[in-house]
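Novice: Once you've had a glance at the structure underneath, I'll fire off some questions.
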Amino acid sequence: MLRTRKAGLSPRSVCSPLPSTDFNGRSRKSSSNSFYRVRLSEMLGPTSLLSRLHCGRRRLGDRSGDGLRFPLCSGGNSTPNTTYKFYNENGLDSRQHLEHYLSDNPEIAFGEDIVEFPVKNLLKTFTDGHIKGDVLIDISPGSMVHHLFAACEYFKHIIVLKSRDTCIMELKRWVDERTGAFDWRHATKLHVDVNGNSDQLQDKEGKVRSALQHVVKCDLEKENIMDPIILPLADCIICAWLLDAICKDQDDYTRYLKKVSKLLKPGGHIILIGSLDVTYVTVGKHKFHSFNYDEDFARKSVAREGFIIDRCEVKKRMVVSDLTDYKAIIFIAAHKEK
6 MLRTRKAGLS PRSVCSPLPS TDFNGRSRKS SSNSFYRVRL SEMLGPTSLL
56 SRLHCGRRRL GDRSGDGLRF PLCSGGNSTP NTTYKFYNEN GLDSRQHLEH
106 YLSDNPEIAF GEDIVEFPVK NLLKTFTDGH IKGDVLIDIS PGSMVHHLFA
156 ACEYFKHIIV LKSRDTCIME LKRWVDERTG AFDWRHATKL HVDVNGNSDQ
206 LQDKEGKVRS ALQHVVKCDL EKENIMDPII LPLADCIICA WLLDAICKDQ
256 DDYTRYLKKV SKLLKPGGHI ILIGSLDVTY VTVGKHKFHS FNYDEDFARK
306 SVAREGFIID RCEVKKRMVV SDLTDYKAII FIAAHKEK
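With my numbering, you'll find the sequence shown wraps up at 343, consecutive numbering, no jumps.
Set out below in structure tokens:
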């Protein structure tokens, strides 16, 4: 059950504040949409959902990138470039981020690495049958949803945590099927095609939209990132590219991983997706800092937090682009020792 810790807290204060204007710049009237705020009576009532808890590219090699290992040297010891912006301090244009890295535009170079690789590994991980349950919490930067399409088949409820209001707003466009919303049909098709059910595309999008009605504002700088809200502990957490975006050094990585892990049940699972040996990500006209670490550092960090790694896959970068300088994508699935 989701509760507030402080007495007298108004419903409007437990989530992202409702923007004063809509997407067209018009003055916004009062709204009860749970994307921007949570009415406590709905959260705590006997019929509430939570209370039930029931630019082009050039190939560098062949396509056999999954599981490849490569020379690693950074170990997470890099010093942040002070000329780069920081996601948790400056935010980013979430729509441009989607267009640069996750679009189905044939000129986009990163589809195989950032869309297909995570999706295939999530499907493999979930279909193995070891990760499922009542609640999955996703905490990722920007307004990505492609990594959640598989999860809606294995969890009753998905709670999405976002630290930036602009990311919540961009996500709402898609959920509400607004004109101009980002088109995720290529990701939807990838999920249903992998399962051999291409006729279920519309149904899959509907399931994801329904699950994403639970989007809650978090504060990554608080020791309890959800304070004053108390979330139900998760059976699984997906943390995709968040630690890359917000961590400046090894200590930050350890500290934020510990914060995220506190949202997990004893014996629960965590899935980490990130970029290896990266220093920056370009969004629009700006370069954003990205924490530089390698596979060995990621494995050791997860183990230090009491996790046992069940799956670790690394896909070597197959394209050239100056938008970002990562060398590989890493996927880790692990469970917490009870």
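Idealized CB from N, CA, C, for every residue including glycine.
Can you say whether Ala308 is buried or exposed, counting buried as having 16 or more other CB atoms within 10 angstroms of its CB?
Specialist: Burial call: exposed.
Novice: Excluding the five sequence neighbours on either side, which residues of its own chain have a C-beta within less than 7 angstroms of the C-beta of Gly311, listed in chain order?
Specialist: Closer than 7 angstroms at Cβ, skipping near neighbours: Lys341, Glu342.
Novice: Helix, strand or coil: how does DSSP classify Arg183 here?
Specialist: In the structure shown, Arg183 sits in coil (DSSP, three-state: anything other than H, G, I, E or B).
Novice: Can you tell me the Cβ-Cβ gap for Leu269 and Leu238, rounded? I've got them flagged as a contact below 8 angstroms.
Specialist: Yes, Leu269 and Leu238 are in contact; Cβ-Cβ is about 6 angstroms, under 8 angstroms.
Novice: Leaving out five residues on either side along the sequence, give the residues of the same chain with a beta carbon under 7 angstroms from the beta carbon of Gly96.
Specialist: Arg169, Thr171, listed in sequence order.
Novice: Whose C-alpha, out of Thr329, Lys321, Lys292, Ile142, is nearest the C-alpha of Asp98?
Specialist: Minimum Cα distance to Asp98 is reached at Lys292.
Novice: Ignoring anything shorter than 4 residues or poking outside the stretch 235 to 294, list the alpha helix (DSSP H) runs there in chain order.
Specialist: 247 to 251, 255 to 266, all fully within the stretch 235 to 294.
Novice: Pull up the CB-CB distance for Asp143 and Ile243, whole angstroms please, since I reckon it's below 8 angstroms.
Specialist: Confirmed, Cβ separation roughly 5 angstroms.
Novice: DSSP three-state label for Leu328, please.
Specialist: Reduced to three states, the DSSP call for Leu328 is coil.
Novice: In angstroms, rounded to a whole number, what distance separates the CA positions of Leu107 and Thr184?
Specialist: Distance between the alpha carbons of Leu107 and Thr184: 19 angstroms.
Novice: What are the residues that DSSP puts in a beta bridge with His102?
Specialist: According to DSSP, His102 bridges with nothing at all.
Novice: Lys167 lies in the beta strand (DSSP E); which residues open and close that run?
Specialist: Unbroken beta strand (DSSP E) run through Lys167: 160 to 167.
Novice: Suppose you measure from the CA of Trp179 to the CA of Gly116; what does that come to, to the nearest Å?
Specialist: Rounded to the nearest angstrom, the two C-alpha atoms are 20 angstroms apart.
Novice: Who are the near neighbours of Ile313 in its chain, counting only those whose CB is closer than 7 angstroms to its CB and skipping five residues on each side?
Specialist: Same-chain partners within the cutoff: Ala339, His340, Glu342.
Novice: With DSSP run on the structure shown, which of helix, strand or coil describes His303?
Specialist: Before going further, note that residue 303 is Ala rather than His in the sequence given. It is helical.
Novice: Alpha carbon to alpha carbon, how far is Met174 from Thr26? Give it in angstroms, no decimals.
Specialist: Residue placement at Thr26 is flagged as unreliable, the pLDDT there being 41, under the threshold of 50; the coordinate-derived value follows with that caveat. Cα-Cα distance, rounded: 11 angstroms.
Novice: Consider the C-beta atom of Leu328 and the heavy atoms of the ligand NAP; say whether any pair is separated by less than 7 angstroms.
Specialist: For the structure depicted, the ligand NAP is absent and the ligand set is empty, with no information on it obtainable.
Novice: Taking C-alpha atoms, which residue in Pro123, Lys90, Thr132 lies nearest to Glu318?
Specialist: Taking only the C-alpha atoms, the option nearest Glu318 is Pro123.
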